[in-house]
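Chains as they are written, first to last, in my numbering: chain W, 11 to 212; chain R, 11 to 212. Backbone N, C-alpha and C define an ideal beta-carbon position, used for all residues, glycine too.
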DNA sequence: GCAAAAAGTTGACTCGTTGCACTTAGTGAG
DNA sequence: CTCACTAAGTGCAACGAGTCAACTTTTTGC
C-alpha cells in the first residue's frame with residue numbers, strides 16, 4: 011500500500027534486502043516441503059546468512075511467514091469508527107472481516123496456496139490466531155468509544171473478543187463463510203437486543 | 011469422582027505410580043521455581059526416571075500439569091442435555107461454566123495457586139485454552155441435538171465456539187466473572203432472538 | 001518355566017532459540 | 001579524509017524440548 015522508498019541509507023537497504031531474502035527463501039521452502047520439514051538452518055543457508063542473523067530479523071520461525079501485517083489493526087478500528095452513517099456497528103465489522111484477504115482466496119491462487127499452507131500446520135494456525143486476537147483490546151476500545159460506554163466496559167470487551175474469534179471457527183472444512191456469518195448473526199441479534207434494551211439504536 | 015481401583019495388575023500399578031511421581035514432582039518444582047525455570051530433566055531426575063520415560067507418560071511438558079482432565083467433556087455435554095426441564099440452554103451452560111473449578115478459586119487455596127501458576131505462563135494459558143476448545147465439536151453436536159438442528163448446523167457450531175471462548179476473555183486482570191457474564195448476556199439474547207424467529211422457545 | 005509384551009534405560013541426535021565474542025562496513029563529525 | 005561510533009552480520013557453543021533406536025529388565029499369560 012504505502013510505498014516508503016523515501017530516504018533509505020545504504021545500510022538500511024542492505025538490511026531490508028537480507029530480510030526479504032530470508033522471507034522469500036522461507037516461503038519457497040515451506041511451500042515446497044511443508045513448514046515442519048524445513049529447519050531454521052535450511053532457511054538461513056538458502057538465504058546465505060547465519061541462523062543468528064535470521065533471528066535478528068525475525069523473532070521466530072513462524073514470523074518468517076507473516077511478514078506483511080502492520081496496519082491490520084488500523085483498518086479494523088477504522089472499519090467501525092469511519093463506517094457509513096446509519097450502518098450498524100456489527101454489519102460494518104462483518105463486511106470488513108469478510109472482505110479481508112483470508113476470504114478472498116477464490117480470486118488469487120497465490121493467496122489460496124498460502125492459506126492452505128497455514129491451515130495445514132497447527133503451529134501456524136495458532137500463531138495466526140494469536141496475531142489476530144492481539145487486536146482485541148483496540149477493537150474493544152473502538153466499540154466502547156462508538157457506543158459511549160467506558161473504555162473497559164465488559165460488554166464491549168466481550169463483543170470484541172467474540173467478533174474477532176468468529177474467524178477461528180473450526181469449521182469442518184466445508185464452508186468458512188457460512189460459519190462466520192452464523193456467528194455474526196448471533197452476535198448482531200444479541201447486540202441489537204442489548205442496545206435496544208438501553209434505549210439507543212446504533 | 012469415580013474410584014477405579016478395580017482389577018489393577020502389578021504392572022499397571024507401578025506404571026501409575028511412576029506417572030504420579032512425575033506429575034507430583036513436576037507440580038512441586040513448577041510451584042517452587044516457575045514453569046520456565048524447570049527443565050524436563052529436572053523433573054525426570056526428581057522422579058528418578060529417565061527423560062524418555064517421562065515422555066512415554068506425558069506427551070509434553072505442559073501435559074504434566076493437566077493430568078486430571080478426562081470427563082470435562084462429559085460434564086459439559088451433560089450440562090446441556092440433562093438440564094432441568096424449562097431451563098434455557100444457555101442459562102444452563104452459563105451456570106455450569108461458572109461452577110467449574112476455574113472460578114472456584116476463592117474456596118480453595120490449592121486451586122488458586124495453581125490458577126496463578128497457569129495464568130502467569132503464556133505457554134500454559136495457551137495449552138489450557140486448546141484443551142478446553144477441543145470440546146467445541148461435542149458441544150456443538152449436543153446443542154444441535156437439543157434444538158433438533160442437523161448435527162453440523164453452522165449456527166449451533168458458532169454458538170458452541172463462542173460460548174466456550176467466553177472463558178478466554180483477556181480481562182484486564184479485574185473481573186473474570188463480569189467478563190464471562192457479559193459474553194453470555196450477549197449470546198443469550200442473540201440466541202433467544204434467533205430461536206424466537208424460528209418459532210421455538212427452548 | 002517360557003516367550004511375548006510392556007516399562008524403563010542410555011545415549012546420541014534434531015531442532016528452535018539464545019548468548020557471547022568477534023569482524024565488517026556504513027555513517028557522521030571534525 | 002579519517003577516525004571513532006554503531007549497526008549488521010558471523011561463528012560457535014550452548015540449552016531445553018522432544019525423538020529415536022537398541023538394549024535390559026520385569027510382569028504376565030499360557
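query	result
DSSP state of residue 94(R) mapped onto helix, strand, coil	coil
Touch test, the stretch 30-41 of chain R against the stretch 70-83 of chain R, Cβ-Cβ under 8 Å, three pairs minimum	yes
Beta-carbon proximity of residue 99(W) to residue 142(W), cut-off 8 Å	no
Cβ shell of residue 91(R) (< 8 Å), same chain only, five flanking positions each side left out	152, 155 and 156
C-beta neighbour in chain R for residue 158(W), strict 8 Å	no
Cutoff 8 Å: residue 199(R) Cβ touching any chain W Cβ	yes
Chain-ordered neighbours of residue 175(R) on chain W, where CB pairs are closer than 9 Å	171, 172, 175 and 178
CB contact check: residue 58(W) to chain R, cutoff 8 Å	no
Minimum Cβ-Cβ distance from residue 168(W) to chain R less than 8 Å	yes
Residue nearest to residue 213(R) in terms of C-alpha spacing, selected from 31(R), 87(R) and 44(R)	Any property of residue 213(R) remains undetermined from this structure, which presents chain R solely from 11 to 212.
Per-residue contacts from residue 204(W) into chain R (C-beta, under 8 Å)	195, 196 and 199
Beta-carbon proximity of residue 148(W) to residue 87(W), cut-off 8 Å	yes
Positions along the stretch 71-98 of chain R whose CB lies within less than 9 Å of some CB in chain W	none
Residue from 63(R), 104(R), 187(R) and 128(R) with nearest C-alpha to residue 164(W)	187(R)
Selected residue, minimal CA-CA separation from residue 162(R), among 201(R), 191(R) and 150(R)	150(R)
Beta carbon of residue 196(W) nearer than 8 Å to that of residue 169(W)	no
Expected contact under 8 Å - CB spacing of residue 102(R) and residue 93(R) to nearest Å	4 Å
CB contact below 8 Å: residue 27(R) versus chain W	no
For residue 71(R), three-class secondary structure by DSSP	coil
Collapsed DSSP secondary structure at residue 78(W) in the structure displayed	coil
DSSP state of residue 123(R) mapped onto helix, strand, coil	helix
Short CB-CB distance (under 8 Å) between residue 192(R) and chain W	yes
Near-chain R residues of the stretch 127-147 of chain W - C-beta to any C-beta below 9 Å	136, 140, 143, 146 and 147
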